[in-house]
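Since the structure comes first, as structure tokens, the remarks are kept for the end.
Residue numbers (full-length UniProt numbering): 1 to 156.
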């Protein structure tokens, strides 16, 4: 099983890129994780944010691999503890499909993206910078897989 993170936004700060790369490397023998960056829609004075979100959504949908199980990160999604995420990971493995995680732009996901998702996941009630969500997602995927492998990383 492989995973793909499709994220709206390009050129993360160096500290995010470094942290993401570290967890991606650690995760590689359990769950190879590819990052696909999607160009954000044009925003600003006189621009239509809804149109930008729609255009981002179209690019996100086009990047989803055929047959992948899709999990959209969304503030209205379900929250999982690390242990619950590990259980979800085990269920996803049993499904025998590659995984695809989606991070939207400043206004979130287009409605078409949420409709395509097989599941929605909220990291909690806090509002997080979308670039930071990449790092948190990679760390939590590593933690869940470490738990399933009885690795000592998770000490709750």
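Glycine included, each C-beta is placed from N, C-alpha and C at the ideal position.
Listed in chain order, the non-local C-beta contacts of residue 97 below 8 Å within the same chain comprise 1, 67, 68 and 69, local neighbours out to five positions each way being set aside. Judged by DSSP in its simplified three-state form, residue 132 adopts helix. Three or more beta-carbon pairs drawn from the stretch 50-63 and the stretch 3-10 are found closer than 8 Å, and the two stretches are therefore classed as touching. Residue 16 sits in a helix when the DSSP states are folded into three classes. Residue 76 and residue 150 have their C-alpha atoms roughly 31 Å apart. Residues 57, 60, 61, 72, 102 and 104 of the same chain have their beta carbon placed closer than 8 Å to that of residue 113, with the five preceding and five following residues left out of the count. Closest option to residue 80, judged by alpha-carbon separation, among 133, 121, 27 and 41: 121. Membership of residue 92 in the alpha helix (DSSP H) is indicated by the continuous run 82-95. The beta-bridge partner set that DSSP reports for residue 37 consists of 7. Residue 103: not part of any alpha helix (DSSP H); member of the beta strand (DSSP E) spanning 99-103, first to last residue. Look at residue 43 here: in three-state DSSP terms it is coil, with no helix or strand label. The C-alpha of residue 86 lies about 4 Å from the C-alpha of residue 144. Beta-bridge partners assigned by DSSP to residue 122: 79. It is roughly 12 Å from the alpha-carbon of residue 27 to the alpha-carbon of residue 135. In the structure shown, residue 57 adopts helical secondary structure according to DSSP, grouped into three states. Distance from the CA atom of residue 146 to the CA atom of residue 33, rounded to whole angstroms, is 15 Å.
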